[in-house]
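Those letters in the sequence shown? Residues 361 to 601, by the numbering used here. Note that CB positions come from ideal geometry on N, CA and C, so glycine has one too. In what follows, a structure is listed as C-alpha cells, so that the remarks can point back to it.
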Amino acid sequence: MDLTTKAIALKTTDYGESDKFILLYSLDYGKISVYAKGIRKAKAKLKFAGDTFCFGNYEIAQTGDRLVLKTCEQLESFYTLREDIVVYYSACAIAECLVNYTEEGQSEPQLFVETLRALEQLVLGTNPLTVVLRYLLGFVKFQGFALDFKHCAECGNVCKKMFLDFQKGGVVCDDHRTVESLPLSPGVVSACNLLTDMPFDKLKTVTFSGELLKDALGDISQYISHSFAPNKSLAELLHLA
Ligand SMILES: [Zn+2]
Numbered sequence: 361m362d363l364t365t366k367a368i369a370l371k372t373t374d375y376g377e378s379d380k381f382i383l384l385y386s387l388d389y390g391k392i393s394v395y396a397k398g399i400r401k402a403k404a405k406l407k408f409a410g411d412t413f414c415f416g417n418y419e420i421a422q423t424g425d426r427l428v429l430k431t432c433e434q435l436e437s438f439y440t441l442r443e444d445i446v447v448y449y450s451a452c453a454i455a456e457c458l459v460n461y462t463e464e465g466q467s468e469p470q471l472f473v474e475t476l477r478a479l480e481q482l483v484l485g486t487n488p489l490t491v492v493l494r495y496l497l498g499f500v501k502f503q504g505f506a507l508d509f510k511h512c513a514e515c516g517n518v519c520k521k522m523f524l525d526f527q528k529g530g531v532v533c534d535d536h537r538t539v540e541s542l543p544l545s546p547g548v549v550s551a552c553n554l555l556t557d558m559p560f561d562k563l564k565t566v567t568f569s570g571e572l573l574k575d576a577l578g579d580i581s582q583y584i585s586h587s588f589a590p591n592k593s594l595a596e597l598l599h600l601a
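What follows is the structure in C-alpha cells.
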C-alpha cells in the first residue's frame, strides 16, 4: 500500500553504506520513520528529501511494518535556516519538540501547520526567539499542558505576581505557590500573554528586548524539561543568543 502525505524532515540517521532513516513529521500520520534506500549516493535523485527541514509531498510504500520512501516532491527546502546559527538552533529547538515529545503515528494537523508557519517566519527573518517562544506556548497547549498567564491555575484569580509551578503544571498566584515555584517577571507574563495564540504572520509586528525573550524562554524551557524532557537545542539557543 502507498501513502502520500505532506511532511517535514526532522532528523536523519545513516544506515548501511548509502541508506538513511528519515524521521518525518507528517500532516496525515504525525511522526513516522521512513527508510530511504541509496539516498546518500552522490547521484541520488532524492538526496534533498533526506535533508533536515525539507518540506515536501512524500510518497511512501508500506511493506509490512516498514515504510519505504518512493519519491518526494519538494515544496520548500528551508535551506536558508542553516545560514544563521541562532536561526538554525531555533529551528532545531522546534524540531526537537516533535522528535522527542510527540507520539509516533499520531496525526495533529494543527501542530503540523504551526510548525510550518514557525519555520516560514524563521526564514522570513522574524526575531527567532519570538518565533520559538510563540511556538512553545502553542506546543504545550496542543500537548495538554497549556499555560494561562492571566489566571492562577488553582484559584482562578488574576494576580499581580505570578509563579510557574512545575508540580501543579501551571501558573499560580502568590497564595498558591510553593517554595519550588519559579517567580515570573511582569515582563515575561505580559510577553507570554501577548504571544499566546498570536498568528505567526503577526509576530513581526511585536518587539521585545533580547533579555526579556531569553528570560521567558528560560522559564518555558524549565517547564518543558519538567513536563516532557530537556530540550538540548533550546539550551544551546539560549547559550548562543
Ligand atoms: Zn491562586
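Bounds of the alpha helix (DSSP H) holding glutamate 571 are 570 to 587.
According to the DSSP assignment, phenylalanine 415 belongs to the beta strand (DSSP E) that extends over 415 to 423.
Within 7 Å of the C-beta of histidine 586 there is not a single heavy atom belonging to ligand 1.
Going by C-alpha positions, leucine 406 is about 10 Å away from lysine 397. Boundaries of the beta strand (DSSP E) harbouring alanine 369: 362 to 375, taken from the DSSP string. Counting other Cβ atoms within 10 Å of its Cβ, glutamine 470 stays below 16 and is therefore classed as exposed. For the 8 Å CB-CB criterion, arginine 494 and methionine 558 form a contact. By the beta-carbon neighbour count (other beta carbons within 10 angstroms, threshold 16), glutamine 481 is buried. Between the region 571 to 591 and the region 423 to 440 there are fewer than three C-beta pairs closer than 8 Å, too few to call the two in contact.
Annotation for alanine 453: the continuous alpha helix (DSSP H) segment containing it runs 445 to 461.
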